[in-house]
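Participant:
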Amino acid sequence: MPESGQKTTREHITGTPVAVPAARRASLLVTLVLGGLTALPPLSMDMYLPALPEVTRSLTAPAATVQLTLTACLAGMALGQLVVGPMSDKWGRRRPLLAGMVVYVLATAVCAFVPGAELLIAFRLLQGLAGAAGIVIARAVVRDLYDGVEMARFFSTLMLISGVAPVIAPLIGGQILRVTDWRGVFHVLAVIGVLLTVVVWRFLHETLPPERRQEGGVGQALRTMRGLLADRVFTGYMLAGGLAFAALFAYISASPFVVQEIYGASPQTFSLLFGLNSIGLVAVGQINGKLLVGRVSLDKALGFGLSVILLAATALLLMTSGVFGEVGLVPVAAGLFVLMSAMGLAMPNTNAQALMRTPHAAGSASALLGTSSFLIGAIASPLVGIAGERTAVPMAVVQLACAAASLTCFLLLCRPWRPTP
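Numbering-wise, the sequence shown is residues 1 to 421 according to the working numbering.
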């Protein structure tokens with residue numbers, strides 16, 4: 001690891017050497033801003049979760065249709081990253097980010113007034129498209145500032161900050177439902193978006209100097225992404241992270257109905273359980289960043305995390321399918337807690353390992369990482385409700401399939417037992 005202020009040289013996927021600044025310490029304020037940007041997706045998704053059953057009644061729409069509002073937001077975040085990532089490599093980080101934040105605020109405000117499920121789905125899609133700017137550019141800024149082990153540590157720090165969002169978002173959503181209806185959730189999200197936009201405009205400076213920006217238009221962006229995908233190891237980390245995220249999103253999408261409709265818990269109880277699971281994810285992420293990184297290889301920590309996710313998903317399928325007889329909420333909640341906590345090893349390490357291979361195109365690489373995760377998650381989301389609202393088996397099946405595929409991609413494509421090419 002080079003000393004601060006020195007330069008380090010890495011190779012392009014194409015073989016061209018690229019000078020990359022060594023890790024430059026981000027200020028606490030910048031760290032908080034980046035944490036806020038990465039917290040925006042869980043805020044947009046999780047604050048809304050306790051209201052899902054109420055939305056189905058308010059809009060007289062079936063649960064599967066209302067779950068598409070989650071899918072639309074997730075798909076928007078996936079597709080938006082493909083556009084914003086290359087834009088940020090060409091024009092810098094600030095301008096695309098601020099434009100995306102403004103559109104996010106407007107789309108969120110409209111969501112609060114839509115009369116039907118179809119319009120809600122449409123504007124949730126737009127909300128996701130615009131919100132993608134915060135996700136992809138935050139990761140790219142981290143790549144601009146950090147390298148190697150320091151980058152993995154910083155991703156774990158971001159998980160601590162952004163991890164507060166899924167802890168408090170369902171709690172906030174549950175409390176909002178005490179005083180108003182589900183539309184109030186979008187009012188609060190719009191206000192948060194306005195505040196975050198102002199903070200970004202005031203305090204987040206440009207981190208990609210003109211001499212390191214990509215030239216060319218759409219064709220060049222596509223060639224860059226094709227080169228990234230041709231790298232077997234990068235693709236392995238991308239797929240492993242995306243499939244693990246899909247197992248996480250299967251939980252996010254199905255848990256409001258599993259916990260509230262199947263096990264009869266209140267929105268507030270659901271919020272507390274969701275917050276507890278998020279605390280587990282954040283805690284393990286901090287163990288990864290503070291204790292494991294630098295002492296244990298990132299691949300070993302990642303492999304262990306993916307294995308635990310697979311075991312937890314297997315236990316959930318056995319419990320929900322009746323193999324152990326009629327089980328209550330507590331055993332199922334325990335299985336979900338273990339699965340969620342293990343994400344604290346999977347998510348930061350897949351991002352760090354993939355981005356360490358792409359110093360020349362951090363925005364495009366970040367876009368591919370985010371898009372794959374959100375697209376796979378968007379596919380998993382409707383599958384969890386395929387058998388209706390009275391069984392948790394589809395959720396467990398989707399989680400198990402995603403966990404097994406994630407571990408398989410990691411082993412076959414990344415080949416962690418071999419030296420990295």
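All C-beta atoms, glycine included, are put in the ideal place defined by N, C-alpha and C.
Beta-carbon within less than 8 Å of G385's beta-carbon, same chain only, minus the 5 sequence neighbours each way: which residues are those?
Facilitator: Walking along the sequence shown from the start, residue 385 turns up at place 385. So the qualifying residues of the chain are A63, A64, Q67, S253, A254, F257, P394.
Participant: Output the boundary residues of the alpha helix (DSSP H) element that contains D181.
Facilitator: Translated into the one-based positions of the sequence shown, residue 181 becomes position 181. Per DSSP, D181 belongs to no alpha helix (DSSP H) and is neither H nor E.
Participant: According to DSSP, is V384 part of a helix, a strand, or is it coil?
Facilitator: On the sequence shown, position 384 is the one that residue 384 refers to. Note: V384 maps to coil in three-state DSSP.
Participant: Taking 7 Å as the limit between beta carbons, can you name the residues of its chain near A130, skipping five residues before and five after?
Facilitator: Here residue 130 is taken as the residue at index 130 of the sequence shown, counted from 1. Around A130: G80, G100, V103, Y104, A107.
Participant: Could you tell me which of A75, L228, A140, F270 sits nearest to L49, measuring between CA atoms?
Facilitator: Residue 49 sits at position 49 when you count from the first residue of the sequence shown. The residue with the shortest Cα to Cα distance from L49 is F270.
Participant: Give a yes or no on contact between the segment 401–421 and the segment 260–269, applying the rule of three or more CB pairs nearer than 8 Å.
Facilitator: Flag = no, the segment 401–421 and the segment 260–269 do not touch.
Participant: Which residues in the same chain have their Cβ closer than 6 Å to the Cβ of G5, if we skip the five residues on either side of it in sequence?
Facilitator: For this step, residue 5 is matched to residue 5 along the sequence shown. At G5, the pLDDT of 37 sits below 50, so the modelled position is not reliable; the number obtained from the coordinates is stated separately. Taken in chain order, the list of residues that qualify is empty.
Participant: V323 bridges to which residues according to DSSP?
Facilitator: Here the question's residue 323 lines up with position 323 in the sequence shown. In DSSP, V323 forms no bridge with anything.
Participant: For V293, list the residues DSSP reports as bridge partners.
Facilitator: Translated into the one-based positions of the sequence shown, residue 293 becomes position 293. In the DSSP output, where bridge partners are listed per residue, V293 has V296.
Participant: Could you check how far apart the C-beta atoms of L43 and I192 are, in whole angstroms? I think they sit under 8 Å.
Facilitator: Here residue 43 corresponds to residue number 43 of the sequence shown, with the count starting at 1. Here residue 192 corresponds to residue number 192 of the sequence shown, with the count starting at 1. Indeed, because the Cβ distance is near 6 Å, the residues count as touching under 8 Å.
Participant: For a minimum of 4 consecutive residues, which ranges assigned as the alpha helix (DSSP H) are wholly contained in the segment 31–95?
Facilitator: Here the runs fully enclosed are 52–58, 63–91.
Participant: Grouping DSSP H, G and I as helix and E and B as strand, with all else coil, what is T207?
Facilitator: Walking along the sequence shown from the start, residue 207 turns up at place 207. In the structure shown, T207 sits in coil (DSSP, three-state: anything other than H, G, I, E or B).
Participant: Along the chain, where does the alpha helix (DSSP H) containing Q353 start, and where does it finish?
Facilitator: For the purposes of this step, residue 353 is taken as residue 353 along the sequence shown, with counting starting at 1. 329–355 is the span of the alpha helix (DSSP H), which, as asked, contains Q353.
Participant: Using 10 angstroms around the beta-carbon of T180, count the other beta-carbons present and answer buried if the total reaches 16, otherwise exposed.
Facilitator: In the sequence shown, the residue the question calls residue 180 occupies position 180. Looking at its Cβ environment, which holds fewer than 16 other Cβ atoms inside 10 Å, T180 is exposed.
Participant: With S266 as the anchor, note down where its alpha helix (DSSP H) starts and where it stops.
Facilitator: Translated into the one-based positions of the sequence shown, residue 266 becomes position 266. Run containing S266: none; DSSP gives neither H nor E here.
Participant: Could you have a look at P170 and say whether DSSP puts it in helix, strand or coil?
Facilitator: Residue 170 sits at position 170 when you count from the first residue of the sequence shown. Helix, per DSSP.
Participant: Give every residue of the same chain whose Cβ lies closer than 6 Å to the Cβ of L70, excluding the five residues on either side of it in the sequence, and list them in chain order.
Facilitator: Here residue 70 refers to the residue found at position 70 of the sequence shown. Here the set comprises S253, S381.
Participant: Would you grab the beta carbon distance between G224 and Q214 for me? Rounded to a whole angstrom, and I think it's under 8 Å.
Facilitator: Counted from its first residue, the sequence shown places residue 224 at position 224. Counted from its first residue, the sequence shown places residue 214 at position 214. Looking at the sequence itself, residue 224 is Thr, so the reference to Gly does not match. Going by Cβ atoms, the distance from T224 to Q214 rounds to 7 Å, so yes, they are a contact pair.
Participant: Quick one: measure Cβ to Cβ for A403 and I309, integer angstroms, because I've assumed they're closer than 8 Å.
Facilitator: By 1-based counting over the sequence shown, the position of residue 403 is 403. By 1-based counting over the sequence shown, the position of residue 309 is 309. Correct: roughly 5 Å between the Cβ atoms.
Participant: Alpha carbon to alpha carbon, what distance is there between A315 and S88?
Facilitator: Taking the sequence shown and counting its residues from 1, the one referred to as residue 88 is at position 88. Taking the sequence shown and counting its residues from 1, the one referred to as residue 315 is at position 315. Roughly 42 Å between the two C-alpha positions.
Participant: Starting from Q127, trace the alpha helix (DSSP H) both ways and give me its first and last residue.
Facilitator: By one-based count along the sequence shown, residue 127 stands at place 127. Its alpha helix (DSSP H) spans residues 117–145.
Participant: Is G92 buried or exposed, if buried means 16 or more other CB atoms sit within 10 Å of its CB?
Facilitator: Position 92 of the sequence shown, counted from the start, is the residue given in the question as residue 92. By the neighbour-count rule (16 or more Cβ atoms within 10 Å), G92 is buried.
Participant: DSSP on R213, reduced to helix/strand/coil?
Facilitator: Here the question's residue 213 lines up with position 213 in the sequence shown. It is coil, neither helix nor strand.
Participant: Inspect the CB distances between the segment 29–40 and the segment 120–139 and report whether three or more fall short of 8 Å.
Facilitator: Contact between the segment 29–40 and the segment 120–139 is present, because at least three Cβ pairs lie under 8 Å.
Participant: Does W417 come out as helix, strand or coil in the three-state DSSP assignment?
Facilitator: In the sequence shown, the residue the question calls residue 417 occupies position 417. The answer is coil: DSSP assigns W417 none of H, G, I, E or B.
Participant: Leaving out the 5 sequence neighbours to the left and right, which residues in its chain are closer than 6 Å to T56 when beta-carbon positions are compared?
Facilitator: Indexing the sequence shown from 1 puts residue 56 at position 56. Excluding positions up to five away in sequence, the list reads A63, V66.
Participant: According to the neighbour-count rule (16 or more other Cβ atoms, all chains shown, within 10 Å of its Cβ), is V284 buried or exposed?
Facilitator: Your numbering for residue 284 matches position 284 in the sequence shown. V284 is buried by the Cβ-count criterion.
Participant: Say whether the segment 117–133 touches the segment 338–355, bearing in mind that this needs 3 or more beta-carbon pairs closer than 8 Å, one atom from each stretch.
Facilitator: As far as the Cβ criterion goes, the segment 117–133 does not touch the segment 338–355, which means the pair count is below three.
Participant: By a C-beta neighbour count over all protein chains shown, 10 Å radius and 16 as the cutoff for buried, is R153 buried or exposed?
Facilitator: As a position in the sequence shown, residue 153 is number 153, starting the count at 1. When all chains shown are included, R153 counts as buried.
Participant: Helix, strand or coil for S113 per DSSP?
Facilitator: Within the sequence shown, numbered from 1, the residue matching residue 113 stands at position 113. Checking the displayed sequence, the identity of residue 113 turns out to be Phe instead of Ser. Coil.
Participant: On a Cα-Cα basis, can you pick out the residue from T235, A396, T320 that is closest to A365?
Facilitator: Residue mapping note: residue 365 aligns to position 365 of the sequence shown, counting from 1. Here the closest residue by C-alpha is T235.
Participant: Just checking, does the segment 173–190 make contact with the segment 366–373 on the three C-beta pairs under 8 Å criterion?
Facilitator: Cβ pair count under 8 Å is below three, so no.
Participant: Would V33 and V199 qualify as a contact pair, given that the criterion is a beta-carbon distance under 8 Å?
Facilitator: Stepping through the sequence shown from its first residue, residue 33 is reached at position 33. Stepping through the sequence shown from its first residue, residue 199 is reached at position 199. Yes, the Cβ-Cβ distance between V33 and V199 is below 8 Å.
Participant: Roughly how many whole angstroms lie between the Cα atoms of L276 and V259?
Facilitator: Numbered from 1 along the sequence shown, position 276 holds the residue referred to as residue 276. Numbered from 1 along the sequence shown, position 259 holds the residue referred to as residue 259. Between L276 and V259, the C-alpha separation is close to 14 Å.
Participant: Is the separation between the beta-carbon of T427 and that of T197 shorter than 8 Å?
Facilitator: In the structure as shown, the chain starts at 1 and stops at 421, and residue 427 therefore has no counterpart that could be examined.
Participant: Alpha carbon to alpha carbon, what distance is there between M356 and G85?
Facilitator: Residue 85 sits at position 85 when you count from the first residue of the sequence shown. Residue 356 sits at position 356 when you count from the first residue of the sequence shown. About 16 Å.
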